[in-house]
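Visitor: Sharing a structure with you now.
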Amino acid sequence: MSKKKVHNHFTARFEAFASAVTKITGSSVAFIVALLIIIVWGITGPLFHFSDTWQLVINTGTTIITFLMVFIIQQTQNKDSMALQLKLNELIACEERASNRLIDVEDLTQEELEMLKKFYIRLATLAKKEHDLHSSHSFDEASEIHELKSKSQKARIAKRLKT
Numbered sequence: 251m252s253k254k255k256v257h258n259h260f261t262a263r264f265e266a267f268a269s270a271v272t273k274i275t276g277s278s279v280a281f282i283v284a285l286l287i288i289i290v291w292g293i294t295g296p297l298f299h300f301s302d303t304w305q306l307v308i309n310t311g312t313t314i315i316t317f318l319m320v321f322i323i324q325q326t327q328n329k330d331s332m333a334l335q336l337k338l339n340e341l342i343a344c345e346e347r348a349s350n351r352l353i354d355v356e357d358l359t360q361e362e363l364e365m366l367k368k369f370y371i372r373l374a375t376l377a378k379k380e381h382d383l384h385s386s387h388s389f390d391e392a393s394e395i396h397e398l399k400s401k402s403q404k405a406r407i408a409k410r411l412k413t
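In terms of the working numbering, the sequence shown opens at residue 251 and continues consecutively.
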């Protein structure tokens with residue numbers, strides 16, 4: 251087997267393992283099991299005279315589990331985050347008025363993201379002035395679309411009032 255096939259096989263198996271472990275450890279049953287382990291450990295304290303070894307058992311066990319879970323959770327979170335980004339990219343790409351500039355927004359610098367945030371705050375302010383939850387604006391045509399939507403909505407309201 252080639253190195254690439256071995257790598258892909260390992261990656262696929264690790265992804266499946268990480269997803270399963272994340273689902274299991276995120277369950278209420280896993281929490282109860284962990285809580286019971288802590289309770290049993292606490293109850294056995296007097297049996298072991300609260301010795302250093304008794305304390306070392308829980309410290310070592312929790313440290314190892316925490317260390318491994320960091321990697322498993324991070325892998326699952328990375329995969330979920332990428333899937334979410336791809337879904338959002340698809341929505342942006344298929345919406346005619348949405349700005350395609352936002353497709354790779356996660357690759358922007360912190361300064362560029364702050365600039366975009368200020369822009370969208372401005373758009374939210376415009377929408378609030380309209381008292382309309384359904385107002386939205388494209389990054390490239392915010393003011394123009396805002397005016398078009400306002401005129402269109404006012405025309406629809408006037409038309410409804412006439413009938």
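Don't be surprised by glycine CBs; every beta carbon is placed ideally from N, CA and C.
How many Å lie between residue 300 and residue 313 at the Cα?
Guide: 19 Å
Visitor: As an exercise, report each continuous alpha helix (DSSP H) stretch of at least 4 residues that is fully enclosed by the region 253-322, in chain order.
Guide: 253-275 and 278-293
Visitor: Reducing DSSP to helix, strand and coil, say where residue 349 ends up.
Guide: coil
Visitor: What are the boundary residues of the alpha helix (DSSP H) that residue 375 is part of?
Guide: Per DSSP, the unbroken alpha helix (DSSP H) holding residue 375 starts and ends at 360-380.
Visitor: When you compare only the Cα positions, how much space is there between residue 266 and residue 272?
Guide: 10 Å
Visitor: Would you kindly work out how many angstroms separate the C-alpha atoms of residue 363 and residue 400, rounded to a whole number?
Guide: 28 Å
Visitor: Given a cut-off of 7 Å, decide if residue 268 and residue 335 are closer than it, judged by their beta-carbon atoms.
Guide: no
Visitor: Please tell me whether residue 280 and residue 274 are closer than 7 Å, where the distance is taken between their beta carbons.
Guide: yes
Visitor: In its own chain, which residues sit with a C-beta less than 8 Å from the C-beta of residue 358, not counting the 5 before and 5 after it?
Guide: Only 366 meet the Cβ criterion.
Visitor: Quick one: using the 10 Å Cβ neighbour count with 16 as the cut-off for buried, is residue 341 buried or exposed?
Guide: exposed
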